[in-house]
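Following: one structure in structure tokens, then a few remarks.
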């Protein structure tokens, strides 16, 4: 019994050893990358999202319609965007504004009267809106639609595709600066 207890205490102490300095290098705005993630980025197995600009077209088709987000570079050095999320014939959300990167986040500031700001997750392959958004964003939606939890997978990574994107009324989703 005593040997088992001693063995378990040693095992537990080994699991709780302090992390050595530099064990997890910070990346993406302060989030620590694991050694495995750093190795995968170094070998090219996965892309380094902090180096991938969000410019392009993000789009997802589903049974109720199509969710689209286009992102273009702005003269200010940040980005401009337009989005549309469709939830059925009378339920949709649309808006446009400016965006800026903050590590692995994309901060979307919608233009218009009441200020709607959404901090979305950006991993290089998709933009994912959070499960809860500010009530000021309700004005962007018709019917019972809302932007909570909407994801936009990347389908193109160039400004040309973003400029060709159209909303359900066939109007440009993004316009040149």
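Residue numbers (this note's numbering): 212 to 388. For each residue, glycine too, the CB sits at the ideal point set by N, CA and C. Here the structure is a predicted model, which means the values were calculated and not measured.
task = Could you tell me which residues DSSP pairs with residue 278 in its beta bridges?
result = Residue 278 sits at position 67 when you count from the first residue of the chain shown. Residue 278 pairs with 271.
task = Please go through the stretch 312-348 and give each complete beta strand (DSSP E) segment of 3 or more residues, from N-terminal end onward.
result = Runs of the beta strand (DSSP E) inside the stretch 312-348: 316-321, 327-333, 337-339.
ask   = Which whole-angstrom value describes the C-beta separation of residue 310 and residue 289, a residue pair presumed to lie in contact below a C-beta threshold of 8 Å?
value = Working through the chain shown from its first residue, we reach residue 310 at position 99. Working through the chain shown from its first residue, we reach residue 289 at position 78. Right, their Cβ atoms sit about 6 Å apart.
ask   = What number of angstroms, rounded off, separates the C-alpha of residue 259 from the C-alpha of residue 322?
value = To locate residue 259, count along the chain shown from 1; it is residue 48. To locate residue 322, count along the chain shown from 1; it is residue 111. When rounded, the distance between both Cα atoms is 30 Å.
inquiry  = Please state the DSSP three-state secondary structure of residue 287.
reply    = Along the chain shown, one-based indexing puts residue 287 at 76. In the displayed model, residue 287 falls within coil according to three-state DSSP, outside both helix and strand.
request  = Less than 8 Å between the CB atoms is what I'm expecting for residue 275 and residue 297, so what's the real figure, rounded?
outcome  = Position 64 of the chain shown, counting from 1, holds the residue named residue 275. Position 86 of the chain shown, counting from 1, holds the residue named residue 297. Taking 8 Å as the upper bound for CB-CB distance, residue 275 and residue 297 are in contact here, some 6 Å apart.
task = Can you have a look at residue 236 and say buried or exposed, based on whether 16 or more other CB atoms are within 10 angstroms of its CB?
result = If you number the chain shown from 1, residue 236 lands on position 25. A caution first: residue 236 carries a pLDDT of 42, below 50, which makes its placement in the model too unreliable to give a value.
message = Assuming residue 293 and residue 385 are in contact, meaning their beta carbons sit under 8 Å apart, how far apart are those beta carbons, in whole angstroms?
response = Within the chain shown, residue 293 is the residue found at index 82, counting from 1. Within the chain shown, residue 385 is the residue found at index 174, counting from 1. That pair is a contact at about 4 Å.
query = Can you tell which of 336, 283, 313 has the C-alpha that lies nearest to the C-alpha of residue 330?
reply = If you number the chain shown from 1, residue 330 lands on position 119. Comparing Cα positions, the closest option is 313.
inquiry  = My assumption, with CB atoms under 8 Å, is that residue 280 sits in contact with residue 363. Please give the rounded CB distance.
reply    = In the chain shown, residue 280 corresponds to position 69, counting from 1. In the chain shown, residue 363 corresponds to position 152, counting from 1. Yes, residue 280 and residue 363 are in contact; Cβ-Cβ is about 4 Å, under 8 Å.
message = Output needed for residue 355: all residues of its chain with C-beta closer than 8 Å, excluding positions within five of it in sequence on either side, in chain order.
response = The count along the chain shown starts at 1 and reaches residue 355 at position 144. Closer than 8 Å at the Cβ level, and outside the excluded window around residue 355, lie 298, 302.
Whole-angstrom distance between residue 261 and residue 267, CA atom to CA atom = Residue 267 sits at position 56 when you count from the first residue of the chain shown. Residue 261 sits at position 50 when you count from the first residue of the chain shown. If you draw a straight line from the Cα of residue 267 to the Cα of residue 261, it is about 16 Å long.
ask   = Of all the options 319, 287, 366, 264, which has the alpha carbon lying nearest to the alpha carbon of residue 351?
value = Position 140 of the chain shown, counting from 1, holds the residue named residue 351. Minimum Cα distance to residue 351 is reached at 319.
ask   = Would the beta-carbon of residue 349 fall within 9 Å of that of residue 334?
value = Along the chain shown, one-based indexing puts residue 349 at 138. Along the chain shown, one-based indexing puts residue 334 at 123. Contact: no.
inquiry  = Just to confirm, is the Cβ distance from residue 291 to residue 388 under 9 Å?
reply    = By one-based count along the chain shown, residue 291 stands at place 80. By one-based count along the chain shown, residue 388 stands at place 177. Contact: yes.
query = Does DSSP put residue 358 in a helix, in a strand, or in coil?
reply = Start at 1 with the first residue of the chain shown, and residue 358 comes out as number 147. Residue state, collapsed to three classes: coil.
Strand pairing of residue 253, partner residues [DSSP] = Reading the chain shown from its first residue, position 42 is the one you call residue 253. Answer by DSSP bridge pairing: none, since residue 253 is not bridged.
query = Which first and last residues belong to the alpha helix (DSSP H) in which residue 262 is found?
reply = Residue 262 sits at position 51 when you count from the first residue of the chain shown. Per DSSP, residue 262 belongs to no alpha helix (DSSP H) and is neither H nor E.
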